[in-house]
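J.: Note that numbering that gives the first Met the number 0 has the sequence shown beginning at 0, numbered continuously upward. Here a beta-carbon is modelled for each residue, glycine too, at the ideal position from N, C-alpha and C. On a predicted model such as this, the values are computed, not experimentally measured, just so you know.
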Amino acid sequence: MRRPPRLGQHFLDDPTILGRIVDALDPVVGETVLEIGPGRGSLTRALLDRGLKVIAIERDRRLAGKLASDGLTLIVGDALRMEWPRVGKIVGNIPYYITSPLLEKALSPPLPERVVFLVQAEVADRLAASPGGKTYGALSVGVQVVARVEKLFNVAPGAFRPPPKVRSSVIRLTPLAEPLIRSGEAAPLRTFVTACFSKRRKQLKNAAPGLNEAELQSLGVDPAIRPERLAPEIFVRLFREANNRER
Numbered sequence: 000m001r002r003p004p005r006l007g008q009h010f011l012d013d014p015t016i017l018g019r020i021v022d023a024l025d026p027v028v029g030e031t032v033l034e035i036g037p038g039r040g041s042l043t044r045a046l047l048d049r050g051l052k053v054i055a056i057e058r059d060r061r062l063a064g065k066l067a068s069d070g071l072t073l074i075v076g077d078a079l080r081m082e083w084p085r086v087g088k089i090v091g092n093i094p095y096y097i098t099s100p101l102l103e104k105a106l107s108p109p110l111p112e113r114v115v116f117l118v119q120a121e122v123a124d125r126l127a128a129s130p131g132g133k134t135y136g137a138l139s140v141g142v143q144v145v146a147r148v149e150k151l152f153n154v155a156p157g158a159f160r161p162p163p164k165v166r167s168s169v170i171r172l173t174p175l176a177e178p179l180i181r182s183g184e185a186a187p188l189r190t191f192v193t194a195c196f197s198k199r200r201k202q203l204k205n206a207a208p209g210l211n212e213a214e215l216q217s218l219g220v221d222p223a224i225r226p227e228r229l230a231p232e233i234f235v236r237l238f239r240e241a242n243n244r245e246r
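1) Taking the alpha carbon of residue 47 as the reference point, which residue from 98, 57, 28 and 58 has its own alpha carbon closest?
2) Please classify residue 102: does DSSP put it in a helix, a strand, or coil?
3) Would the beta-carbon of residue 37 fall within 8 Å of that of residue 23?
4) Would you identify the three-state DSSP class for residue 6, choosing helix, strand or coil?
5) Would you please state the rounded distance, in angstroms, between the beta carbons of residue 207 and residue 241? I believe it to be under 8 Å.
6) When the Cβ atoms of the region 192 to 210 are set against those of the region 147 to 165, are three or more pairs found closer than 8 Å?
7) Taking contact to mean 3 or more Cβ pairs, one atom from each stretch, closer than 8 Å, check whether the region 101 to 109 and the region 129 to 147 are in contact.
8) With 16 other CB atoms within 10 Å as the buried threshold, where does residue 124 fall?
9) Going by Cα to Cα distance, which pick from 221, 216 and 73 is closest to residue 52?
10) Compare the C-alpha of residue 100 against each of 85, 113, 112 and 77 and name the closest.
11) If I measure Cβ to Cβ from residue 149 and keep anything under 6 Å in the same chain, skipping five residues before and after, which residues do I get?
12) Consult DSSP for residue 74 and reduce its assignment to one of helix, strand or coil.
13) Express the C-alpha separation of residue 232 and residue 213 in angstroms, rounding to a whole number.
14) Buried or exposed: residue 175, going by 16 or more other Cβ atoms within 10 Å of its Cβ?
15) Could you name each continuous alpha helix (DSSP H) segment of 4 residues or more that falls completely within the region 122 to 159, going from the start of the chain to the end?
16) Could you tell me which residues DSSP puts in a beta bridge with residue 212?
17) Could you say which of 35, 33 and 49 lies nearest to residue 19 if we only look at CA atoms?
18) Do residue 203 and residue 218 have their C-beta atoms closer together than 8 Å?
19) Going by alpha carbons, who is nearest to residue 186 out of 151, 137 and 81?
20) What would DSSP say about residue 24, mapped onto helix, strand or coil?
21) So what does residue 88 bridge to, in DSSP terms?
22) If we ignore side chains and look at the alpha-carbon of each, how far apart do residue 190 and residue 162 end up?
Encoded structure:
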């Protein structure tokens with residue numbers, strides 16, 4: 000199977016957009032930020048020009064060889080297969096086809112102060128969706144239990160060279176002071192929520208694994224409600240109850 004095209008093949012070079020991405024980090028001169036997938040280095044230079052120090056992870060050795068610069072620490076390798084340096088802010092024009100695992104890694108403990116990613120607009124809509132919305136789903140819940148999501152602005156295809164065939168958006172993730180989930184709950188919660196949304200048009204009593212109608216009622220949750228209408232904190236309650244009953 001042919002590997003999906005890497006976002007790094009669509010290079011963002013619009014100086015206004017680059018500046019807005021840097022602004023979204025609320026940059027402080029002299030602080031260190033982590034950049035995922037610098038590509039040709041357009042965003043890297045914008046960060047450095049604002050007085051930031053940059054640690055960048057780039058998988059493509061050919062591109063990495065052209066990125067040397069004062070204030071830049073370059074790590075050549077696969078961002079999904081390595082431990083990330085512990086910094087407060089993370090930024091990236093990331094490969095669209097691995098957005099979900101990169102988000103999962105970025106929001107793993109210890110949580111950063113802020114994450115700003117350029118993603119496919121469709122994914123941004125799903126991440127920021129509210130309960131009851133047509134784009135609200137397992138991805139929305141999985142991220143919103145640990146972070147506040149803001150869809151900041153859209154980026155037109157013409158800002159890239161060559162232009163991609165999909166729309167793009169910049170999102171900002173700010174981890175919650177008190178995440179809704181505990182350490183070790185992220186993966187099993189994701190499995191539970193995904194199972195619920197796999198039957199999103201069904202009533203909750205027929206969609207929530209491990210919980211029957213009476214148990215849902217005892218939790219104060221309407222068994223006839225559809226999963227797409229439940230807030231993230233309700234999913235956490237249901238998950239914990241189902242998990243406790245399995246023990």
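T.: Looking at the coordinates:
1) Closest by C-alpha distance to residue 47, out of 98, 57, 28 and 58, is 28.
2) Helix at residue 102.
3) Contact: no.
4) Confidence at residue 6 is low in this model, with a pLDDT of 39, below 50, so the placement of that residue should be treated as unreliable; the coordinate-derived value is given next. Looking at residue 6 - three-state DSSP - the assignment turns out to be helix.
5) The Cβ separation is near 7 Å, so the contact holds.
6) Because the criterion of three Cβ pairs below 8 Å is not met, the region 192 to 210 and the region 147 to 165 do not touch.
7) Below 8 Å, enough C-beta pairs join the region 101 to 109 and the region 129 to 147 to call them touching: three or more.
8) By the neighbour-count criterion, in which a residue is buried when 16 or more other Cβ atoms sit within 10 angstroms of its Cβ, residue 124 is buried.
9) Selection 221, 216 and 73 evaluated against residue 52 yields 73 as nearest (Cα-Cα).
10) Comparing Cα-Cα distances from residue 100 to each of 85, 113, 112 and 77, the minimum goes to 77.
11) Excluding sequence neighbours, residue 149 sits near 171.
12) In the structure shown, residue 74 sits in a strand (DSSP, three-state: E or B).
13) The alpha-carbon of residue 213 is positioned some 20 Å away from that of residue 232.
14) Exposed is the call here.
15) Runs of the alpha helix (DSSP H) inside the region 122 to 159: 137 to 143.
16) Answer by DSSP bridge pairing: none, since residue 212 is not bridged.
17) Ranking 35, 33 and 49 by Cα distance to residue 19 puts 49 first.
18) In this structure, the beta-carbon distance from residue 203 to residue 218 does not fall below 8 Å.
19) For residue 186, the nearest C-alpha among the options comes from 137.
20) Coil at residue 24, not helix or strand.
21) Paired residues: 32 and 113.
22) Straight-line Cα distance between these residues: approximately 35 Å.
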